[in-house]
Structures are given as structure tokens and as C-alpha cells.
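First up is the structure itself, then whatever we jot down about it.
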Amino acid sequence: MLGKLSSSLKESIQKIAKAKRIDKRTVDELVRDIQRALIQADVKISLVKELSDRIRERSLKEKMVLNPREHVIKVVYEELINIIGKSVEVPLKPQKIMMVGLHGAGKTSSCAKLARYFQKKGLKPAVICADVYRPGASDQLRQLCDRIGVPFYDGQPEDRNVLRIVTSGVKEFDKYDIKIIDTAGRHALEPEMIDEIMVIEKATKPEQRFIVLDASIGQQASVQAKAFNDAVGITGIIITKMDGTAKGGGALSAVAETDSGVAFIGTGETVDDFEKFESDGFISRLLGMGDIKALIAMAEESLNPEDVEVDILKGKFTLKDLYTQLEALKKMGPFKKIMQMLPLGGLGLDINDDMSQITEDKLKCFKVMMDSMTEEELTEPKIISGSRLRRIAHGSGTSTSEVNELIKYHRMMQKMMKSISSGRGNMPMMKGVSMGKMMKKMK
């Protein structure tokens, strides 16, 4: 997620964590690194300057309740959250939601993802397509809704009266909890289109008015957000394509142009690749501190109690446990996405390294190896060496180096589990910085 920005910020945090002393020179270097990272990510210069001034002033002048390293990291964390503002709380109750946005931002697919989000929360969503201009828009949205079993309405055949379609759709879905209205994609400076969404807003009085922004849009996002906000009063922002290496800073900083904040982010192509945005967890992930809260939520949504015999966040972790967890974790999504939610920065691990390269084929290979192990070996992996290693490799049709790779992977996973075994919200040590203690102070 925002790979380059995250990598740069994590490097900056690691420098502070390893610094022998914290003084003006160290803070100035940190501020320069953060400035460079944010500007390259397309965050507005004015916001970067404000952030820099606050980090410098607070780091050097504010009374410290932590050690100097922890204090500076805490300041960076809190000021980055200030840039993107507080998360938008979207109530789980009956409401109408109007979606607006630019051409190509991913608004239509976001309508289906949003419907799926409410569906998983136990509510009954329905979708109304008011885009009569883009060829295939209605068919695309209908197909997405059909896949997840969500009712869809786009008016009578050949009907191109947007207001009639919307009002009829709202009446049609009167008994449904969530009514999502997909408006036509547009450029914010087209007066006719802006007039149209104002008419729709006035006629339907939606409780939520979401603007959908592409993560790669850059600083133009602020201009667009302001125009839509002036027209209908934006209550939340949805940022799409956050799974790529898009700069993303422009879309995030567009929050400053509205009176709301980011509500959801799109993290992939499927309808389930959609997350409720939590500003503290998001910044925590960017800094390599993980987001255990989001990981737990993902597990609760994806797994049944019978899928797991041990808690994935417990410290004791044998090869037998690993076998069970590989089966369960596959249901939670790509490994790289899961790894982003673990506090790997504090362990000195990088999600771009060994762990994120564990593919489905590799996991299958690991399982075949474990099928060739005895009960004792699965329970006590430390005894695997020499003749045992060769026997397992021969029995699974693999090499001893591949078996060693499995053992190495198990040790890495075990290290992570132990690092957070004292509590779900705790973080490991980052050379000189107690992440658990620091994060508690941030809450």
C-alpha cells in the first residue's frame, strides 16, 4: 500500500530509532526525509510545510513523557494523522448514499464493494444506476451486483431521465436498508453535470454523499474534492487503487478541502478488497508498526471458529500450528496484505522480503513437506536436522534446501507471534524503542 511512501517513512523512523541522541540536527534531518517522501507522494506543498513546522516544534519543545526517540516517533505519527484527518464513521443503519466522482476513478466498482461491505454487516443493500451516459455502465454494475446477490435498478428500457430513474429506484427499494445511488462519472468543472448531481441530491436527500478518488490522481484531487463539496456537501471520501504503488498523497490530502474525511479505501480488484478506513491504523501501517486491529477484523470476517484450532496471534507456534494456520490464512486474502498489518518494522523485517514471496504454490509445497513429517517433528521442529531433513525431502519429493526454507519460514512466523503474544495491541521492540508502550501513549 503506497509502497514508495511507506518505504521512505519506515526508513526515516528506523533512523530515529537507531539514533544515539536526539537533537536539532537529528530532527532537521528527519524533517527533510519526511518532506521529500511526502512531496514525491504528491502531498500539497502547503500541507508538507505545516507538517514540517509542527514536527520540528513539538519534537524539540514539547514536554516529553516518553524517552526522546519514542517522543519524536509519536509526534510524527500524530502529525501524519492530522494531515488525513479523523476517520469517517459510517453508521450501520438504514440510509441513502450518493456516489460522485471522476471518469475512471473506480466509482462503479466501488458501489458494488460498498454494497458488499454492508451486506457482510448484516444489512440489506440495493443499488441504483443513474449513469445514462457511459456505454456499458449499467451492464457493468448489474453484473457486479448479480455476483453478490444485491438488487439492482436502472429504470425502464431506454429511459434516460436521470431524476425519474433515481426517484423510482428509491421507491422500488423502499424496504431495503441501504440504497446506493451511482451517478455518472464526470469532471468537476462541467456545469451541466454538477447541476445534475445537485438535482439528484435535492430530490433524494441522501444521508451520505461520497466522492470516489483514484489514488494516483495527484494534487488535482484537491480541486475536484472542493468542487464536489461546494455542490453537494461531501460527507466522506473513498480512495481506490490503494493496492498499487500509486503516489496517493494527493488523494489523501484532498481531505483538507472538505469538512469530512476518508471513509473507505479500495485495496484490490474483487468486491471484498475494500476496507473501512481507520486513520491511526493506516498511518501505523505506513510507518511499519502494523495494524493488529484491522488484522483481527479481517480474520473475524473471513474465518469460522472451526477453521482455527489456535489463535493466530498466540506466542506458541509449532509446525503443526503452522499447517492449520496456512489453511486458515489463505481465506483471509493475499499474504502481502496480511503482512502489512503485522508490526514487521519493529522486527527488522520487510514485507517485500521472504514473507511476501510466499505464494500459493509455495504453501502447497510446504504442506506436502509437513505431510512427510512425524508427529514429533511437527510438534518439536528443533529436532529436524541431518537424516530427518533428508528423509522429509525424499518423502515429499523436494530438496533439503526447500525443507530448510520451510523451517526458516516457521521461525520467522514464530518470532512475529511471540512479539505480540502479550496482547493483541502490543508492538515489538524497535531497537531502543518500546513500540507497545509508545502506541499506548498515542491512543
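In my numbering, the protein residues as written are 391 to 833.
Ideal Cβ positions, reconstructed from N, Cα and C, are used throughout, including at glycine.
Predicted, not measured: the structure shown is a model, and the values here were computed from it.
Inset, instruction - Taking residue 546 as part of the beta strand (DSSP E), name the residues at either end of that continuous run. - result: Unbroken run through residue 546: none, as it is neither H nor E.
Inset, instruction - Answer yes or no: do residue 791 and residue 471 have a C-beta to C-beta separation smaller than 7 Å? - result: no
Inset, instruction - Compare the beta carbon distance of residue 638 and residue 476 with 7 Å and say whether it is the shorter of the two. - result: no
Legend entry - Selected residue, minimal CA-CA separation from residue 371, among 486, 786, 611 and 618: There is simply no residue 371 to check, as the chain begins at 391 and stops at 833 in what is shown.
Inset, instruction - Check residue 593 in the structure and name its three-state DSSP category. - result: helix
Inset, instruction - Can you tell me which of 755, 518 and 554 puts its alpha carbon nearest to the alpha carbon of residue 785? - result: 755
Inset, instruction - Tell me whether residue 782 sits in a helix, a strand or coil according to DSSP, three-state version. - result: helix
Legend entry - Local Cβ density within 10 Å of residue 424, reported as buried at 16 or more and exposed below that: buried
Inset, instruction - Output the distance between the C-alpha atoms of residue 404 and residue 416, rounded to the nearest integer angstrom. - result: 12 Å
Inset, instruction - Output yes or no for whether 7 Å exceeds the beta carbon distance between residue 503 and residue 661. - result: yes
Legend entry - Distance, residue 677 Cα to residue 492 Cα: 30 Å
Inset, instruction - Might you give, ordered along the chain, the residues of its own chain that have their beta carbon closer than 6 Å to the beta carbon of residue 643, omitting 5 neighbours on each side? - result: 433, 434 and 437
Inset, instruction - Quick one: residues in its chain with C-beta nearer than 7 Å to the C-beta of residue 589, no 5 flanking neighbours on either side, listed in chain order? - result: 553
Legend entry - N-terminal and C-terminal residue of the beta strand (DSSP E) that residue 670 is part of: Per DSSP, residue 670 belongs to no beta strand (DSSP E); it is in the alpha helix (DSSP H), 669–676.
Legend entry - Through-space distance from residue 467 to residue 406, alpha-carbon basis: 13 Å
Legend entry - Where residue 618 falls: helix, strand or coil (DSSP): helix
Legend entry - Host beta strand (DSSP E) of residue 653 (start-end): 652–656
Legend entry - Straight-line gap, residue 571 to residue 505 (C-alpha atoms, nearest Å): 11 Å
Inset, instruction - Within the same chain, show all residues whose beta-carbon is closer than 7 Å to that of residue 444, passing over the 5 residues directly before and after it, in chain order. - result: 469
Inset, instruction - Would you kindly work out how many angstroms separate the C-alpha atoms of residue 431 and residue 603, rounded to a whole number? - result: 15 Å
Legend entry - Bridge partner(s) assigned by DSSP for residue 771: For residue 771, which the question treats as bridged, DSSP gives no partner whatsoever.
Inset, instruction - Quick one: residues in its chain with C-beta nearer than 8 Å to the C-beta of residue 395, no 5 flanking neighbours on either side, listed in chain order? - result: 427, 428, 430, 431, 637, 638, 639 and 676
Inset, instruction - If I'm right that residue 628 touches residue 499 with Cβ under 8 Å, what's the distance once you round it to whole angstroms? - result: Contact doesn't hold; Cβ gap of about 11 Å is too wide.
Inset, instruction - Using only alpha-carbon positions, find the residue among 514, 709 and 673 that is nearest to residue 797. - result: 709
Inset, instruction - Take residue 841 and list the residues in its own chain whose beta-carbon comes closer than 6 Å to its own, dropping the five residues that flank it on each side. - result: With the chain covering only 391 through 833, there is no way to say anything about residue 841.
Legend entry - Reduced DSSP secondary structure (H/G/I, E/B, other) of residue 626: strand
Inset, instruction - Look at the Cβ atom of residue 597, then the Cβ atom of residue 511, and state whether they are nearer than 7 Å. - result: no
Inset, instruction - Label residue 564 either buried or exposed according to how many other C-beta atoms from any shown protein chain fall within 10 Å of its C-beta, with 16 as the threshold for buried. - result: exposed
Legend entry - CA nearest to the CA of residue 584, picked from 483, 422 and 614: 614
Inset, instruction - For residue 611, I'd like the list of residues in its chain whose CB is within less than 7 Å of its CB, leaving aside the five on either flank, ordered along the chain. - result: 603, 640, 641 and 644
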